[in-house]
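**Student:** The structure follows.
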Amino acid sequence: MNFFMTILMLSIVYIPMLVIFAMTPYITRKTESFGISIPQNIYDNVEVKKIRENYRNNVIMLGSIIFIISLIIAFYVPHQLNAMVLPAGVCAEIGFIFVLYLKNHRKMKELKQKNNWLDQKSQKIIVDTSFRQKIKRVSPWWFLSYIVIILATVSIGLIMYEKIPNQIPMNYALNGEITRWVQKSYKVLFYIPFVQLFIMILMVFVYWIIGKAKQQIDAAHPVKSIKQNTAFRYRWSAFTVFMGLLLLIMFGFMQLTMIGMIQNLWFVSVFPMIMTCVIIFAAIFLSITTGQGGSRIPILRNSSNDVVNRDDDKHWKLGMFYYNPDDPAVFVEKRFGVGWTNNFARPLSWILLIGLFVLIIALSFGSSYLLK
């Protein structure tokens, strides 16, 4: 049973990772390939397609090997060490995939220099001064539901306090077996609401980034690009709110198991997996159907092959890290993958990163204090 649950957990993590990493070159904008800017009509170039296909095949092959090795290790190592197999395997997979990315980034850079794709193109930057008014996100009032869930979690714990056993279960094995107990106290009951509050702050921060991130308009078809980007931000804002709600509900149920209102071991072990799977597969589905910047959303518009976006490869270190002191934007779209990244040349970017790091440290120390 333990090994079966280990296989299930590894599958839930590894398989979605393989899918999203293998699909990344296909959901990135067609004007960018492995962190290198290219004309859109070059996207289907035979050599460029071969680079994408080789990367995809290598990701699947390496990821599958790491998955199999993780299963073998999990089968032979003591049960107590099983929990270490997953993070070790994930780190190994991310490391190998990053090396693959760098290899293909270098190939794309050399291919671009060799063929001079941009020499006969007019490079332009398109700016829509009314873009901020066009940005649509789901209503921020949804975050009030977060507060309701957190208050409900606190209230239930306080109301049920006298009926709670003196020993409260805190950690569960994959089969639902309790592996750690703590002494009942009011501090312990505030542990879950504390984590929920952290999740709420994080989701609000992501929601804010979605609205503030720099606009990226394709010079070849600006009208289409604006419509796609508007839909892109709306969809991801909805997913952010949706994901946060699921996480808060999941932790709310964890509080109910702690205080003894839910004692079904199957539910305790399976429910978090179900919620995690819903979030992961929703993210994959949204990434594939939407694409970076909304590039996979079908909107038909005329385009020009003689106009391309300005080549700013020099500001993208390794094609992944944006550093441009002349750009006032703090957040910009990723060049490889879906979502946003920082402009590391802006002091505010570092302040926010440090603030997030401090918040995570505070969560760790706060959790330790509440669980003493």
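Read in order, the letters of the sequence shown are residues 5 to 376 in this note's numbering.
Where is the CB? At the ideal position from N, CA and C, for every residue including glycine.
1) Cα-Cα, which of 345, 38 and 76 is closest to residue 104?
2) Name the residue from 220, 229 and 158 whose alpha carbon lies nearest to the alpha carbon of residue 196.
3) Count the C-beta pairs between the stretch 61-75 and the stretch 91-107 that are closer than 8 Å, then say yes if the count reaches three, no if not.
4) Between residue 278 and residue 43, what straight-line distance do the alpha-carbon atoms span, to the nearest angstrom?
5) On a Cα-Cα basis, can you pick out the residue from 256, 146, 187 and 171 that is closest to residue 153?
6) Taking Cβ to Cβ, would you say residue 239 is nearer than 8 Å to residue 294?
7) DSSP three-state call for residue 34: helix, strand or coil?
8) Does the stretch 325-337 come close enough to the stretch 209-225 to have 3 or more Cβ pairs within less than 8 Å?
9) Could you have a look at residue 273 and say whether DSSP puts it in helix, strand or coil?
10) Is residue 222 buried or exposed, if buried means 16 or more other CB atoms sit within 10 Å of its CB?
11) Are the stretch 247-256 and the stretch 191-209 touching by the rule of at least three beta carbon pairs closer than 8 Å?
12) What are the boundary residues of the alpha helix (DSSP H) that residue 57 is part of?
13) If you run the structure through DSSP and keep just helix, strand and coil, what is residue 332?
14) Would you report the Cα separation of residue 212 and residue 237, rounded to the nearest angstrom?
15) Could you give the distance in angstroms between the alpha-carbon of residue 284 and the alpha-carbon of residue 20?
16) Is it buried or exposed for residue 50, if we count other Cβ within 10 angstroms and need 16 for buried?
17) For the alpha helix (DSSP H) holding residue 146, just list the boundary residues, first then last.
18) Relative to the alpha-carbon of residue 303, which residue among 137, 225 and 28 has its alpha-carbon at the smallest distance?
19) Judging by CA-CA distance, which residue of 301, 362 and 55 is the nearest neighbour of residue 232?
20) Using DSSP with H/G/I as helix, E/B as strand and the rest coil, what is residue 138?
21) I'd like to confirm the pairing. Which residues does DSSP put opposite residue 321 in its beta bridges?
22) Put residue 5 into one of helix, strand or coil per three-state DSSP.
23) For the stretch 61-69 and the stretch 134-142, state whether three or more C-beta atom pairs, one from each stretch, are separated by less than 8 Å.
24) In terms of residues, what are the limits of the alpha helix (DSSP H) holding residue 233?
25) Using CA coordinates, which residue listed in 356, 345, 371 and 147 is at the minimum distance from residue 296?
26) Between the C-alpha atoms of residue 122 and residue 40, what's the straight-line distance to the nearest angstrom?
27) Which first and last residues belong to the alpha helix (DSSP H) in which residue 121 is found?
28) Going by other Cβ atoms of all chains shown within 10 Å of its Cβ, with 16 needed for buried, is residue 88 buried or exposed?
29) Between the Cα of residue 193 and those of 136, 227 and 164, spot the shortest distance and give me the residue it belongs to.
30) Do you know whose CA, among 229, 248, 111 and 59, lies nearest residue 149's CA?
31) For the putative contact between residue 161 and residue 263, defined by C-beta atoms under 8 Å, what is the C-beta separation to the nearest angstrom?
32) Out of 325, 61, 69 and 230, which one is the CA nearest neighbour of residue 136?
33) Residues in the same chain with beta-carbon distance under 6 Å from residue 3, minus the five sequence neighbours each way, listed in chain order, please.
34) Alpha carbon to alpha carbon, how far is residue 251 from residue 274? Give it in angstroms, no decimals.
35) Are the CB atoms of residue 244 and residue 207 nearer to each other than 8 Å?
36) So residue 347 is in the beta strand (DSSP E); what residue range does that whole segment cover?
**Tutor:** Reading it off the structure:
1) By 1-based counting over the sequence shown, the position of residue 104 is 100. The shortest Cα separation from residue 104 among 345, 38 and 76 belongs to 38.
2) On the sequence shown, residue 196 is found 192 positions in, with the first residue counted as 1. From the listed residues 220, 229 and 158, the smallest Cα separation to residue 196 is found for 158.
3) Because the criterion of three Cβ pairs below 8 Å is met, the stretch 61-75 and the stretch 91-107 touch.
4) Against the sequence shown, residue 278 aligns to sequence position 274. Against the sequence shown, residue 43 aligns to sequence position 39. Each residue's alpha carbon lies about 42 Å from the other.
5) Along the sequence shown, one-based indexing puts residue 153 at 149. Answer by Cα proximity: 256.
6) On the sequence shown, position 235 is the one that residue 239 refers to. On the sequence shown, position 290 is the one that residue 294 refers to. In this structure, residue 294 lies closer than 8 Å to residue 239 by Cβ.
7) For the purposes of this step, residue 34 is taken as residue 30 along the sequence shown, with counting starting at 1. Residue 34 falls in the coil class under three-state DSSP.
8) yes
9) As a first step, residue 273 is located in the sequence shown; it is residue number 269 there, counting from the start. Three-state DSSP puts residue 273 in a helix.
10) Start at 1 with the first residue of the sequence shown, and residue 222 comes out as number 218. Flag for residue 222 reads buried.
11) yes
12) The residue you call residue 57 lines up with position 53 of the sequence shown. First-last of the alpha helix (DSSP H) with residue 57: 50-80.
13) Numbered from 1 along the sequence shown, position 328 holds the residue referred to as residue 332. In this structure, residue 332 counts as coil in the three-state DSSP scheme.
14) In the sequence shown, residue 212 corresponds to position 208, counting from 1. In the sequence shown, residue 237 corresponds to position 233, counting from 1. Roughly 11 Å between the two C-alpha positions.
15) Residue numbering aside, residue 284 sits at position 280 when the sequence shown is read from its first letter. Residue numbering aside, residue 20 sits at position 16 when the sequence shown is read from its first letter. Rounded to the nearest angstrom, the two C-alpha atoms are 7 Å apart.
16) The count along the sequence shown starts at 1 and reaches residue 50 at position 46. Answer is exposed; the Cβ neighbour count stays below 16.
17) Position 142 of the sequence shown, counted from the first residue, corresponds to residue 146. Where residue 146 is concerned, there is no enclosing alpha helix (DSSP H), given that its DSSP letter is neither H nor E.
18) As a working note, residue 303 is residue 299 in the sequence shown. Per the Cα distances, 225.
19) As a working mapping, residue 232 is identified with position 228 in the sequence shown. Of the listed residues, the one whose Cα sits closest to residue 232 is 301.
20) On the sequence shown, position 134 is the one that residue 138 refers to. Looking at residue 138 - three-state DSSP - the assignment turns out to be helix.
21) Against the sequence shown, residue 321 aligns to sequence position 317. 325, per the DSSP bridge assignment.
22) On the sequence shown, position 1 is the one that residue 5 refers to. With a pLDDT of only 44 at residue 5, under the threshold of 50, the placement of this residue in the model should not be trusted, and no figure is reported.
23) no
24) As a working mapping, residue 233 is identified with position 229 in the sequence shown. Looking at the DSSP string, the run of the alpha helix (DSSP H) that includes residue 233 is 226-262.
25) The residue given as residue 296 occupies position 292 in the sequence shown. Closest by alpha carbon: 345.
26) In the sequence shown, the residue the question calls residue 122 occupies position 118. In the sequence shown, the residue the question calls residue 40 occupies position 36. C-alpha separation (whole angstroms): 12 Å.
27) Stepping through the sequence shown from its first residue, residue 121 is reached at position 117. Segment: none, residue 121 is in no alpha helix (DSSP H) and carries neither H nor E.
28) Start at 1 with the first residue of the sequence shown, and residue 88 comes out as number 84. It counts as exposed.
29) Along the sequence shown, read from residue 1 onward, the residue named residue 193 stands at position 189. The shortest C-alpha separation from residue 193 is found at 164.
30) Position 145 of the sequence shown, counted from the first residue, corresponds to residue 149. The candidate whose alpha carbon is nearest that of residue 149 is 248.
31) Along the sequence shown, read from residue 1 onward, the residue named residue 161 stands at position 157. Along the sequence shown, read from residue 1 onward, the residue named residue 263 stands at position 259. Rounded, the Cβ-Cβ distance is 6 Å, consistent with contact.
32) Within the sequence shown, the letter at position 132 stands for residue 136. With distances taken between Cα atoms, residue 136 lies closest to 230.
33) Outside the displayed span of the chain (5 to 376) sits residue 3, for which this structure offers no information.
34) Walking along the sequence shown from the start, residue 274 turns up at place 270. Walking along the sequence shown from the start, residue 251 turns up at place 247. Answer to the nearest angstrom: the Cα atoms are 15 Å apart.
35) Taking the sequence shown and counting its residues from 1, the one referred to as residue 244 is at position 240. Taking the sequence shown and counting its residues from 1, the one referred to as residue 207 is at position 203. Contact flag set, yes.
36) Taking the first residue of the sequence shown as position 1, residue 347 is located at position 343. The continuous stretches of beta strand (DSSP E) do not include residue 347, and DSSP gives it neither H nor E.
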